Every structure is written in structure tokens, then in C-alpha cells.
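As numbered in this note's numbering, residues 354 to 1076 make up the sequence shown, in order. We treat Cβ as the ideally placed atom computed from N, Cα and C, and that holds for glycine. As the structure is a computational prediction, the values presented were derived from the model and not from experiment. Presented below is the structure to which this report refers.
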Amino acid sequence: MADQVVDGDSGQSRLANGMNQIRHALPSRETLSRYAIPFGVIAIVQIVSAAIFLLNTTSGASAGFDRLPIDDAWVRMVFIRNFAESLEIAFHPGDLSSGATSILWVLVPGLFSLVLNPLGISVMAVAKILGILFALGGAWLVYLILLKLTDSKRVSLVGGIVVALDPTRTFSAVSGMEMTLTSTIALAATWSYFLGKHRLTGALLALMVLARPESWVLVIFVGVLAMARRLWDRTEVQLITLDDARALNRLVTPAAVVTLLWVVWNIITGGSPLPSAYYVTRDELGFMPIGNFKDILQGYYAHLSLFNSIFYPVGGGLVIWGAVKLLKTYNLAITPLALFAVIYTYAVAMNITLNAEEFNFTQRRYLDPVIPFLIILFFVGLLQAWDLIRHWRATRSPADPTEARIFNFSLNALFLFVTITPFVGFGGAIFDLPEEYSYNTKNVHEGLVGGALWLKENTPPDARIGTEVIGAVAFYADRDITDFSGRQLGGGEIRETFALAKAEDLDYAFGYSSVYIDSWPPAIPVYTEIVEDNKILATSEINAWKLDFDVEVEVAAAEVPYLLNFEQRNLVVIDTLDVGNPNAPPEASEAVHEYEDEGLSAPVNRQFRVDDNIVLNENARTFTVAEEFKVASRDGERLLIAKRYDAAVGQRLRVVVDGETAISGEDAGIWDLPKRDFFFGEELFVIPGDLITSSRTELRFEFIPTDRSDAGNSFFFWILVDR
């Protein structure tokens, strides 16, 4: 091979060329400034925000990566662990299940756990780390979206930081749940649609369905919107074309195929087209859940970090202003981004009753995916407000220097007030929610996890255990678990707790302090754990009962009065109302009596021992404001109202008859229903005859909060007159 001579100039030239290629391969200073630096800042904020929760020791110990704040998260951990160990979507190993409402949150953490668990990283840690990473991805997307919409680096960076720092969203990120996964996919899908990338949008919508089933509402909305967008752009009269169908196919078909496969999976594994949990949690709200929207506005949106309390109108006004601005600027192309919060809220409201009076993580988590969208709209509205003020100042500023300074100072002060006001509640939530997270993680760990470990150590290996809080028990107890709530039963099967326990011949019952299990004749208390300073759940007392079904127990009909003997009192029943029972006879139904309630209304079921060998099974409704209905009566004759209620809590009511306060003895219209232990209460209230003016009377019972109860409840009413 001939020798090659390279002169100095040529060598230096090649070296220079090589260095130039390396420089071009590296991100430019402009690129670093535009993306890497803001992305890095947002990442630091997101990590710090998560650490505030994970390391908080308000309750005495930090949650870290292995403790979770709610039992539903432990249900997810059971599915994820089983998938990592056997590649099965199953709650009980070897038994495929439709109980996982978020299949994607089983697959993604499950695959990571498959690799990381052998390295000593638990499934809980994997879920929390992924939750934080998805939260970070969502914050980055918010930065990119705001940068595109506003062309302002400062506004975009502040928006990304606020999303990363938002305590409500960070609560979700470190909860072990799928909410930040859903949120990030939703951001990517709506942004992809805005950019016109329909194939990618279709794929992301399909993933959303797997992340949260209610996302099908968004799929339908985007499909209809895409077709409307194509038709709107035409100036000629033309029917829908094959190209229109192809475009719709790219958007909707992936989600439709995934949904179909999901339905088939549910039918094969559970016997019904929807997961069993769907039948348990939804309350037949229908397509127009107006009352639920009201509770959502009061119990969720009015408590979000940027819209808290009295700052709600300011933050909400800027969000609406931002949405209007985007819709006016981009028309139909931006609609999913501008209206996502409304669409997703509608989807959730159709299926889940949210409690405005008990705003907490167990309620708010379903809607947390809307938070980044609200913050995007907030900053778009804020920038729009500033542009308007700046234009107004430029065109109307007085010529006199003193007046100009006053004018300028006043407008800037007003803008700063509007800007800072929503963040007042934001700061308070940063302190409150980590403490709430810490306390409830402690409650779950010491109560549910501690109880599950007790069951593992103190019950036979073949013991069969029934519980409504199935997550931690299934994860730690290593026993055969029956779900009292029906979420993990096939075919959407929901059986009454006592009947289910007896049919399955269970050995133990486990759960929060529950008067109806305490009152079962076969139930013997064997374990109790009380956790102090609980912040979220209804009670912090955990119990286990040994069950002995050799005792013969009769389940009685609900309409039988056990405590009140009407005949001996020389009374006759002229009307009955079976509250909360959809299968009540027509003459005792809510519809016939025009039953209505105000405030939180939730159907409940209780089973109480009323005799040594008799258990009464009853449905009821709870309410926080009032309930009212119409009953039969006799003009001018006194009317007696007999009511069955949950005597474990008791209640106080104000009685109103056809709009007037009833008088009964010295009660002055106040009906006190006393607290008793472990059985239904049945009490009489007398309405004077001078208040009864027709054959049909409207009764209204207004709940009065007391230290013993924060809601009223009604199981059954008997309407009586003198014989």
C-alpha cells in the first residue's frame, strides 16, 4: 500500500470539519435555552414537589416509596404484582379478572416491575416513580403548548412550573394511581389533534381508553369534531366523501378496536361487557347528571389550588377567558384543548357521584387529569388580560405626568391583584395536602396493612376472608379474599354483604368499624386497631371478626316494623315509603311519593340484627341538606310519621309541613332521632291536625348538623292516623 502524506493544512482542515460536525450534533445554545433549560427547571420543581409529599413526617413517619394513601392504590398494586410475576391481568393469581378499570396502569408498571423487582425495587416504588415521571411529562407538554399558543418563554415556563408544583396533581402523582398517566396522554392527544396529526391522535385516544374507561366520551367528541371541522372548511355543497371517512377512521378506529377488545375481555373474564367495579361505583346518573355537576363545581373546582375559596371567580374567570380566546383564534382546531375539562368532567359525572361535602383525595382523583388543561387556559387568559390592560394604558394614559403615574400604578396594581389572588389558595394547599397525604398514608399503613399482616400471622393458611377494603389485605395477607363490594366479582354481581358472606361460608370479615357486621349473630370481634389523626377516610378504626355460620340466621323483609307495634297504639297505616329501594312496590316507591333530596345524596345498604336470629336487610338514602316527599293524609286529623333510620349515628331534623314548621309537644318542629348501638332506630313524630289541610301532604325534613352526625338518612317511612 502506497504511503500517504498529509500536509498540516489538510490535517487541520479535517480536524476543524470533525469539530464542526460534533458541534452541529450537539444542541445549540438557542435550543438549550428554548427547551433544555426550562425542561430542567420544571424537572427540578417536579422532583421537589414530589419530595414534599414523600418525605413529609407530619404523622410521625414519611410515606416514602412503599406506603400508599388509599386502599384503591393497593388494589392496583395487587394487579401490577400479579402481572409482573405471571404476565396475567388478575386480582387472584391464576384467575383472569375484569376488575382492573385501568388496564394500561397494570401493563406499564407491570412491565417495569418485571425488570426492576429483581433489583429490589418494589411495585409500589415503581408505580410512584412512574407517576412522578408522567407528571413531569405532562408539565413539559404544558410548557410546549403554552409556548406555541403565547410565544412567551416566561409565561410558558411559569405555566410549566405551576403544573409541576400543583399540590393536588402531585398528590395524584405519588398516590400509586393512574391519574398522571391519563393526564399526560390526554395532553398529548389534544395537542396532536391541534397539530393535525390524526394518526397519532387516534393512537393516543386508544391509550386513553385503556388508561381510564370514561375517556370514550372524549373519543366520540373528537370524532364528531373532526368531521365538523372538515365540513366547516368547505365553501361548496358536498356530501361526506371517502376522504372524510378515511380521516375519521384514522382518529376513531384505534380507540374503537381497543374498546371492542376491552369489552370482549370483560365478557370472557367477568361475564359482562363492563368491569364489575363499574356496576358497583356508578349510581345510574344518566346522560344529564345536572345535580352531580353542581356537587363537582362546589366540591372539586372550588377547592383546586388555583381556584380555592374566594379566589374561585378570579381563577375561573381567567380560565373561561383563555378558552374563549383560543376558540376565537383557532376555531374548531383547538376545541379539544379548550373544552377538555368540560368534556372529561361530563364523562366522570355520568358514572361517579362526587360528594361536595366530603372533598378529599378519594373523590377528587377521578378529575385530576383536568388540572394541566385548566392551568393552560388560566395563563392564556392571564396574558390576554395583560395585553388588554397594556393596550388600554397606551391609548388612554393622561398627558399630565402625575395623572399618568397614578393611572399606570393603578392598572399595574390591579393586574398584580388579579395575578396573585388565585395563588393565595395555592400556597395553603402546598402545606395542607402533604400533611393530609402523610396522615392518611399512616392510617392505611397502620390500619389496613397492619390488619392484613395480623390476618397472615393469626389465621389458618386456608382461611377465607371477606372485606370491602381488598387491596392491602390481598397484597399482604396471603389468603383467599372475597370482595364484599362486588368490584372483583364476575358479571357485575352485587350481593348483600351478609348473604354473600354466608353463601361463601367465610371464616373472617375484615374492615373499618361497621355496625352491620358488628350486629351479625355469627360475628365475633377478634382484632381492633385504632389510628389517630386520620384526615381522609370516614373512620380510623379497623376490625376483624371471626364468623360462625353454624348459627341459623333469617334475613327479614324491610317493611316489617320491629320496634313499633302500631296495633297496640291503636294506629292504622295509610301510606308507606321505602326510601332508596329501586325494587320497592309501586305504592311504596319514591316516584309515587315525588321523593326529592338536596345536598349530597347517596344510596346505602345496611344489615342489622334486630333479634338473636334475625337480620334485617335495608336500602336507604343519605342527605346533607333535606329530603321531601308527599304522603296520604286526612284533612284535619293528626298525622304520625314513623321512620326507620341508622341509629348508630342518630340525627336531628327540622320538620316542615306544606311549607310550615310542625309542632310536636315541646319539640317546636325539631325531631331528635336518638343514637343507639348496632340496630335500626324507629321513631314516631306527631304532626298536629291543624297543619293537615288536604288528603295529600308535603313533608320536608331538613337536616341539622350535630357533633354526632354530619348527614341524615332514611330507610323506611310509615304514615299513620288514629284508628
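Identity of the residue in L534, V575, G529, W569 nearest K306 by Cα: This structure cannot speak to residue 306, because the chain is shown only from 354 to 1076.
Member of I728, I663, R507, V932 whose CA lies at the smallest distance from the CA of L690: Distances from the CA of L690 to each of I728, I663, R507, V932 were compared; the closest alpha carbon is that of I728.
Can you tell me whether P814 is buried or exposed? The criterion is at least 16 other CB atoms within 10 Å of its CB, across all chains shown. Under the 10 Å beta carbon count, P814 is surrounded by fewer than 16 other beta carbons and is classified as exposed.
S1048 versus E951: straight-line alpha-carbon distance, rounded: The straight-line gap from Cα to Cα measures roughly 25 Å.
For R1005 and A827, what's the separation of their Cα atoms in angstroms? Those two C-alpha atoms are separated by around 40 Å.
By the DSSP assignment, the beta strand (DSSP E) with Y998 in it spans what residues? In the DSSP annotation of this structure, the continuous segment of the beta strand (DSSP E) that includes Y998 starts and ends at 992 to 999.
Straight-line CA distance for S528 to Y653? Whole-angstrom Cα-Cα distance: 18 Å.
Return the bridge partner residues of A897 from the DSSP annotation. In the DSSP output, where bridge partners are listed per residue, A897 has F863, Y880.
Keeping to the same chain, check which residues put their C-beta closer than 8 Å to that of A816; ignore five residues upstream and five downstream. Correct list, in chain order: L808, R832, D833, D860, Y861.
Who are the near neighbours of I485 in its chain, counting only those whose CB is closer than 7 Å to its CB and skipping five residues on each side? Cβ neighbours of I485 beyond the five flanking positions: Q399, A403, A526, V527.
Is A985 helix, strand or coil by DSSP? In the structure shown, A985 sits in a strand (DSSP, three-state: E or B).
Considering G804, what are the terminal residues of the alpha helix (DSSP H) in which it resides? Unbroken alpha helix (DSSP H) run through G804: 803 to 811.
Short Cβ contact (7 Å threshold) for K899 with V879: Contact check for K899 against V879 passes: the beta carbons are separated by less than 7 Å.
Per DSSP, F1038 is paired with what? BP columns for F1038 point to I994.
Quick one: give me the first and last residue of the beta strand (DSSP E) that D836 is part of. Counting along the chain, the beta strand (DSSP E) containing D836 begins and ends at 833 to 836.
For P520, the residue or residues it bridges with in DSSP: In DSSP, P520 forms no bridge with anything.
How long is the line joining the alpha carbons of P626 and L460, rounded to whole angstroms? Take the alpha-carbon of P626 and the one of L460: they are about 20 Å apart.
Outcome for R743 when other beta-carbon atoms lying within 10 angstroms are tallied against a minimum of 16: Counting Cβ neighbours within 10 Å, R743 comes out exposed, since fewer than 16 surround it.
Leaving aside the five residues before and after V733 along the sequence, list all residues of the same chain whose C-beta is less than 7 Å from its C-beta, in chain order. Excluding positions up to five away in sequence, the list reads L502, T503, G675, K678, L679.
Got a sec: is the Cβ-Cβ distance from F851 to anything in chain D below 7 Å? In the structure shown, chain D cannot be found, because there is only a single protein chain.
Three-state class that DSSP yields for N661 in the structure shown: In the displayed model, N661 falls within coil according to three-state DSSP, outside both helix and strand.
Using only the alpha-carbon positions, how far apart do F1069 and N972 sit? The C-alpha of F1069 lies about 9 Å from the C-alpha of N972.
Hey, quick one: how far does the beta strand (DSSP E) through V1074 stretch, first residue to last? Unbroken beta strand (DSSP E) run through V1074: 1069 to 1075.
Closer than 8 Å is the cut-off here; do at least three beta carbon pairs connect the segment 764 to 777 with the segment 661 to 673? Verdict: yes, contact present.
Identity of the residues DSSP links to Q1004 by a beta bridge: DSSP lists L1026 as partners of Q1004.
Distance between I773 and F784 (C-alpha atoms, nearest Å): For F784 and I773, the distance between alpha carbons rounds to 18 Å.
Using a Cβ-Cβ cut-off of 8 Å (strictly less than) and excluding sequence neighbours within five positions of E799, which residues of its own chain qualify? If we look at E799 and ignore the five residues flanking it on each side, its Cβ neighbours are E882, V884.
Starting from the N-terminal side, write out each stretch of the alpha helix (DSSP H) that is 4 residues or longer and does not extend beyond the segment 375 to 449. Secondary structure in the segment 375 to 449: the alpha helix (DSSP H) runs of 4 residues or longer, each lying completely within the stretch, are 390 to 407, 424 to 439 in chain order.
Could you please give me the residues that DSSP links to N958 through a beta bridge? N958 is bridged to N972.
Measure the C-alpha to C-alpha separation of Y865 and I895 and round it to an integer number of angstroms. When rounded, the separation of the alpha-carbon atoms in Y865 and I895 is 4 Å.
When burial is assigned at 16 or more other CB atoms within 10 Å of the CB, is N645 buried or exposed? By the neighbour-count criterion, in which 16 or more other beta carbons inside 10 Å mark a residue as buried, N645 falls on the buried side.
Is it buried or exposed for I759, if we count other Cβ within 10 angstroms and need 16 for buried? Counting the other CB atoms within 10 Å of its CB gives I759 a total below 16, which places it among the exposed residues.
Drop a sphere of 10 angstroms on the beta-carbon of L993, count the other beta-carbons inside from all chains shown, and report buried for 16 or more, exposed for fewer. Buried, by the Cβ-count rule.
For a test of the three-state rule: what should DSSP assign to V672, helix, strand or coil? The three-state reading of DSSP puts V672 in helix, counting H, G and I together.
Quick one: give me the first and last residue of the alpha helix (DSSP H) that L486 is part of. 476 to 503 is the span of the alpha helix (DSSP H), which, as asked, contains L486.
Spatially closest choice to I687 from D1060, L786, W544, by CA coordinates: Residue W544 is the option with its Cα nearest to I687.
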